[in-house]
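Here the numbering used here is used: the first residue of the sequence shown is 48, the next is one more, and so on.
C-beta atoms are modelled at their ideal positions from N, C-alpha and C, and glycine is treated no differently.
Computed from a predicted structure; not experimentally measured.
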Amino acid sequence: MDLKIDRRTVLKAGAALAAGAALPAWAQGKPTLRFAAVFSDKDIRADMIRMLTKDVDADFKIEPYFGGTLFKQGTELVALQRDNLEIGNIAPQDISKQMVAWSVLTSAYTFRDANHVLAFFASDLGAQMKKQAEDQLKIKILGPTFFGTRQVGLKPKKKISTPADMTGVKLRMPPGDAWQLLGRSLGANPTPMAYAETYTGLQTGAIDGQDNPLPNVQNMKFYEVMSQIVLTSHLVAFDVLCMNLKAWDAMGPAKQKTFQAAVDKALGWSVQEHLKREAELADGFKKQGLDLYTPDIPAFRAYAQKVYLASDEAKSWAPGILDKIAAVK
């Protein structure tokens with residue numbers, strides 16, 4: 048049989064190939080969902096994503112990028128909005144840059160513990176704030192990714208009892224106004240610095256300290272260049288697992304339901320692992336010679352609330368929002 052290929056056939060084939068290549072990843076066969084986060088591949092949340100990847104493998108291929116290798120810290124939200132990313136671990140501080148009302152969720156001492164965060168997002172009030180963010184930012188919020196309670200770790204041996212003792216302390220905070228405000232609410236001199244640069248910053252004295260949950264201190268080996276951990280417990284740390292809206296809508300209701308169930312399972316596992324790890328690490332750091340102690344928490348809480356309520360961000364908060372969040376059980 049003769050095989051005849053004319054110019055028209057070649058053009059048609061080329062057009063078909065080009066059309067297929069132009070389709071976004073989620074629209075081609077078994078969709079590939081790229082996931083981006085700043086945390087390392089040794090983080091508990093990396094195992095959380097691996098669990099999710101395995102559980103949804105029948106319908107989706109999740110392609111993880113850890114350590115800020117795909118998008119730098121703070122740029123993931125815009126990548127989702129521009130259809131350059133399918134799933135991202137987004138800090139609420141980044142959401143508050145575009146939607147200031149969310150800054151209340153980033154303020155010190157707003158949440159009591161991990162269960163309070165989970166209860167909030169499951170409540171009517173949490174659902175309202177999620178919907179506002181989804182409607183305005185055009186993303187799908189899948190749930191909160193708790194990663195511990197933030198504590199102040201310092202290289203100097205200066206004893207810290209109240210916010211007044213933090214005066215002049217160069218405390219590394221992630222870049223962004225919400226993070227700098229958090230640092231000021233502790234009485235410190237906040238210094239913006241990327242997560243990956245923090246170890247060197249402590250080592251060289253460019254900063255005096257950092258604030259992170261204990262599992263992060265372990266993962267990044269910050270304990271090697273610190274003398275003490277002040278258990279301020281100032282922020283129950285969580286990000287939000289978010290999805291590109293087009294990728295979410297392309298799933299359809301049935302796959303959305305199974306995907307969300309897999310997400311909920313992975314998030315719940317991660318919470319328990321973080322709580323267990325925090326308890327283990329507190330004892331471990333003491334044995335390594337770090338000084339761990341609890342300062343005057345009421346003094347820190349009162350000072351932080353005063354700073355936040357006087358801020359420009361607080362002008363966007365709904366009346367009585369702090370009391371309403373506190374009442375969630």
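Per DSSP, residue 112 is one residue of the beta strand (DSSP E) stretching across 108 to 112.
Cβ contact annotation for residue 118 (same chain, cutoff 6 Å, sequence separation greater than five): 83, 126, in chain order. Residue 107 sits close to residue 80, with the two beta carbons spaced by under 7 Å. Judged by pairs of C-beta atoms under 8 Å, the segment 318 to 329 touches the segment 250 to 266, as three or more such pairs exist.
Looking from the CA of residue 221, the closest CA among 318, 214, 197 belongs to 197.
Residue 266: member of the alpha helix (DSSP H) spanning 261 to 266, first to last residue. Of the residues assessed, residue 123 falls on the buried side of the cut-off, its CB having 16 or more other CB atoms within 10 angstroms.
Taking 7 Å as the cut-off, the Cβ atoms of residue 157 and residue 143 do not count as close.
The three-state reading of DSSP puts residue 220 in strand, counting E and B together. When the Cα atoms are used, residue 94 and residue 284 turn out to be separated by approximately 18 Å. Residue 203 is not a Cβ neighbour of residue 130, given a cutoff of 7 Å.
Taking C-beta separations shorter than 7 Å and ignoring five residues to either side along the sequence, the partners of residue 335 in its chain run 270, following chain order. Here the alpha carbons of residue 233 and residue 356 stand approximately 14 Å from one another. Between residue 183 and residue 146, the CB-CB gap stays under 7 Å. Close CB contacts of residue 207 within its chain, under the 6 Å cut and outside five residues either way in sequence, are with 277, 342 (chain order). Shown here for residue 363: same chain residues with a beta carbon closer than 6 Å to its own, the five before and five after excluded, namely 147, 148 in chain order. Beta-bridge annotation (DSSP): residue 287 is paired with 137, 191. The shortest C-alpha to C-alpha distance from residue 304 to any of 114, 354, 103 is the one to 103.
For residue 156, the secondary structure class from DSSP, reduced to helix, strand or coil, is coil.
Membership of residue 236 in the beta strand (DSSP E) is indicated by the continuous run 236 to 239. Look at the beta carbons and you see the segment 309 to 321 touching the segment 187 to 195: at least three pairs across the two are nearer than 8 Å. Of all alpha-carbon atoms in 77, 90, 246, the one lying nearest the alpha-carbon of residue 112 is that of 90. In the DSSP assignment, residue 339 falls within the unbroken beta strand (DSSP E) covering 338 to 340. DSSP places residue 258 within a strand segment (E or B) once states are collapsed to three. Looking at the backbone, the Cα of residue 225 and that of residue 266 are separated by about 24 Å. Cβ-Cβ distances below 6 Å link residue 135 to 83, 123, 127, 289 in the same chain, with the five nearest sequence neighbours on each side left out; the list follows chain order.
Collapsing the DSSP output to three states places residue 117 in coil. By a beta-carbon distance limit of 8 Å, residue 337 contacts residue 275. Their separation comes to about 6 Å.
Taking C-beta atoms as the reference points, residue 209 and residue 346 count as a pair closer than 7 Å. Straight-line measurement puts the Cα of residue 98 at about 10 Å from the Cα of residue 92. With contacts defined by Cβ atoms closer than 7 Å, residue 368 and residue 151 form a contacting pair.
For residue 168, the secondary structure class from DSSP, reduced to helix, strand or coil, is helix.
In chain order, 202 place their CB closer than 8 Å to the CB of residue 252, counting only its own chain and leaving out the 5 sequence neighbours on each side.
With respect to the C-alpha of residue 309, the residue from 77, 88, 78, 96 having the closest C-alpha is 96.
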